[in-house]
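Structure first, then comments.
Residue numbers (this note's numbering): 34 to 1245.
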């Protein structure tokens, strides 16, 4: 069957190529290209997919005629290059071209050189990668934004030198590579987690190049590369050896500190006019600090003129000009806009060079294009274009749409649409392999002859007779919409032609999972001045990591904490388990405790008494839920599979895991109470809709609660669109509904004719009665009032509840983390989501104008957040003056219901360009076309608020911007400074968890736990409070809790990690914290492996630390208080000596004749050790021997994995 199948498949590809070569229009085109006719014209190609197909066909023609090295350059004024690139790769693969990856994309910059802003990092990276490919002759197809064609570039020789190919055995000084990385825009960061970062630790250099799928660890031996290893950015562990790697630049410009100084000197000479003083000072400060100012990329011509253009990199290319008739006018308009912006920038005192420094003039561009062979595309048919000149018609390629209507109504229409007629070649493109396989199964069940490309186990129908019947071939890839070419009897469908989704499609890309790691105890960002809580001594201020010399002359590392009355406490690094970061409920600074006083002990005792009351209440609620029987939902139905297949994206790993957890909860006979936490737009709603569908399939009703009417309407649109093919009734209930609609919905809920209802707190009204409610989905519960939260609390006892949130409120977070509530986390961004570029800038009309105009120029929309109703219309008036062409609407909570609804709807339907609004949009308006948000007085917002507001943009694959407008920085409070710095720091995707913890620290938990509990959190710190509460809950559950005794170990040995091994203090602290928490030998072995991998071979000091950790672990089950050294003797002091049985004491004494057990529980003996390492290994083994003898059952878990501990350690 496989041989049969592959023959058929090969024939399809060969047949398509045969038709392409035989087609008269394409033959005329091929011959014209071969003759090097200066200008060729083609009409009729208007669909994006057809343009991509033509590019792949032209590539094939050039390759077949021996011109493989000749690139095809596609120039377009408005095509989405990213999507077009994916489509070109799809068709290259279909036509059997050798390297679909050799497609280079060159977008234009998203900012002009005259705004004092840097381009988006994603654009800089994409351009740098493409230009490097061109400079090295690696690109076969080049997709260029027409405006980028005007741009001037650094010298070609610089571009050729800008990337590095590395392999083991090559000679390269690590210092040389570090200098090159800094010049290419890489940032020094340890650990390396994101593209564009590197770190250098002795003989190891970690670097994450955007061109590579994972970061790479380069191990040097002197000036030679000893090895290359890929590593996981989350665990930091090596994953695979590499035989080569490539490091590409992050931008086409490079900058050294010397150049910054040269700029500063030149500006002082040539731009001395006082009008430019502010901008001049900006550059001078940058030269002093070495930190380039925003927009520095456009100052590079001051010292290094941009001497080349794309034409220099593409000397013999075939240029394909899209919509050639309008290109000259578009470029003239662009040039005119640049001149206007240059003039305005000069008038505003900005240091800028004239447009000629950055761009070719339209005349220069025309001259360069005239020197190249070009193929001009005209979208209109030739009868319209050439009505007056019929004597010489250019070839026309007739392109038709394959589907004029959405066929979402039912899959039953697909056979008629997709079964190929005799002789026709028909293809279907699915976004992912699972979806392709699902289409294959569905269509095969409906008797459509179908096969997968390039291989499958399903047989196909071979061609027979004069009119062979070809099977429908399913490809995996990206195509925005299908098209047909009647002359070739060729049709190709996109999945979007079958599954009509309104979302803008984005091409799939591999997404990386991020584990939901604990963050409160992370010492990686600990710095002097932070507050710490010592479990025994209370709140102190961290002053640093210090080294002291002990009385016996050995060096030892300590955390230095300052307490009240300037008292100091030195905490040994091996006891960092006693220390935590202090986080308060009100965000304020705490009072330092007094060392040796009783206040701290009384504070803890008071808090524990109050905790018991809270814990009893919480346990009662959750115990009731476990006792009350709930509905156990049935396993998934076939319709569930069909509903889930209707989603046109593949679920991310996190989404799939969350869905599995939710379904498992629903199928249990107790009510579900699960919190689903995911970044804004990471796909929580899709997971919730699948849970809702499952509930309805079991005959149950579903209620979806949202905090605002606007969000209700959005959810209603999303649900109705997604559920359309199924006989499921969905209604909404909010203040936007008329009385008649409300009455109809209430009646339907009571009678059971409404399956899903979406509403505000109106759903909690007394007149709302369900026939059989089975699932409640709550979106952003923290936005509901106290009374409504109480009602929700009672609701939880009766039905399954799924709560959705992007930034969990601390109580919810804490409950989830202490096991009182089940938690699912979605931290993986959807395919091709880009981090929002966050710009913190002073309020400036010029910046507001450029931000809005830039978004409007690319057909997008803008949110302008101004959270003051009194002055919101003044801001709207200002924007009208700045951008007269913008259609502006105003939205705030004082508008009438209908007025607010009308404004928001107009914005949703793109009848408005700018929505000037209060934070009413924070609660969830989802508009993929809105990709710029301007937030006025950002310093007045809490971090979680800013985070959620910023999440309103960046919901598609388009670059998104958040402008945080602030007053002059000198007027900002310290807390506002920290909030804004944190938002910028965590601008990567999936950082809501970290931000929720930070916002807790900065703004406080308020009354979430009630005023009394907030006071105890302030007194103890959030983490210790949670630990004590968890312990209290375990005691109330009746669990036996034995106080853990951590042994004090003093063997008169140095305890420290040398700075020569780990230079960064915060990283050393992190390792000390990990070591203190590694309570099994398996964890110690894991830490040893990681340290060796990340920092190289362990020095003796670190070997010793790990062995001391193994000794501590062996002593824990024996309840050892202390291990000390007196001369050559070892002393082991037991807290409970009576637990050692007499016969086991005798066995130990027999093995060690010098040993003696004192009445106070102290064991003294002389170990037969000749050196320090042997002594430590002997001590560990003696403790393990005692452990085996005295506690055959206790402590078993401590010993799991101990066989792997330390070189030379005995295997157990």
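A virtual CB, placed ideally from N, CA and C, is assigned to each residue, including glycine.
Which one of the options has the shortest CA to CA distance from residue i?
i, options, result
"residue 774", "790, 760 and 761", "790"
"residue 463", "357, 683, 159 and 962", "683"
"residue 109", "292, 338, 145 and 354", "354"
"residue 470", "508, 186 and 269", "508"
"residue 1144", "1173, 1215 and 1092", "1215"
"residue 357", "341, 408 and 387", "408"
"residue 905", "411, 948 and 633", "948"
"residue 1152", "157, 1166 and 1142", "1166"
"residue 253", "876, 163, 389 and 1129", "1129"
"residue 215", "653, 287 and 901", "287"
"residue 874", "291, 1182, 482 and 996", "996"
"residue 688", "715, 50 and 675", "715"
"residue 1123", "877, 116 and 271", "271"
Only counting the same chain, and skipping five residues up and downstream in sequence, which positions put a Cβ closer than 7 Å to that of residue i?
i, result
"residue 92", "105, 125, 130, 173 and 174"
"residue 161", "281, 282, 283, 284 and 285"
"residue 547", "Residue confidence is low: residue 547 scores 43 on pLDDT, short of 50, so the model does not pin down where it sits. No coordinate-derived value is stated."
"residue 195", "165, 217 and 282"
"residue 372", "388"
Tell me, which residues are paired with residue i by DSSP?
i, result
"residue 1167", "1153"
"residue 75", "410"
"residue 178", "109"
"residue 603", "593"
"residue 1058", "None, per the DSSP bridge assignment."
"residue 197", "280"
"residue 252", "237 and 260"
Return helix, strand or coil for residue i, following the three-state DSSP convention.
i, result
"residue 1082", "strand"
"residue 710", "strand"
"residue 589", "strand"
"residue 46", "helix"
"residue 53", "helix"
"residue 109", "strand"
"residue 966", "strand"
"residue 973", "helix"
"residue 346", "helix"
"residue 1229", "Interpretation of residue 1229 is limited by its pLDDT of 38, a score under 50 that renders its predicted location unreliable; the figure taken from the coordinates is listed afterwards. Three-state result, residue 1229: helix."
"residue 567", "strand"
"residue 896", "strand"
"residue 20", "In the structure as shown, the chain begins at 34 and stops at 1245. Residue 20 is therefore absent and cannot be evaluated."
"residue 826", "helix"
"residue 574", "strand"
"residue 235", "coil"
"residue 304", "coil"
"residue 185", "strand"
Once you ignore the five residues that flank residue i on each side, which residues in its own chain have a CB closer than 6 Å to its CB?
i, result
"residue 178", "140 and 141"
"residue 103", "95 and 349"
"residue 1172", "none"
"residue 211", "233"
Ignore the nearest five residues each way along the sequence and tell me which others in residue i's own chain have a CB closer than 8 Å to its CB.
i, result
"residue 783", "802, 803 and 804"
"residue 201", "258, 259, 260, 261 and 276"
"residue 363", "110 and 179"
"residue 752", "722, 725, 737, 763, 789 and 791"
"residue 1000", "875, 876, 970 and 972"
Notebook entry, point to check: Unbroken beta strand (DSSP E) runs of length 3 or more, entirely within the segment 779-817: which are they?
Noted result: Within the segment 779-817, the complete beta strand (DSSP E) runs of at least 3 residues are 789-792 and 806-812.
Note to self: As an exercise, report each continuous alpha helix (DSSP H) stretch of at least 4 residues that is fully enclosed by the segment 602-685, in chain order.
What the structure shows: 632-660 and 671-678
Item checked: Minimum length 4: unbroken alpha helix (DSSP H) runs contained in the segment 695-752 -> 717-730
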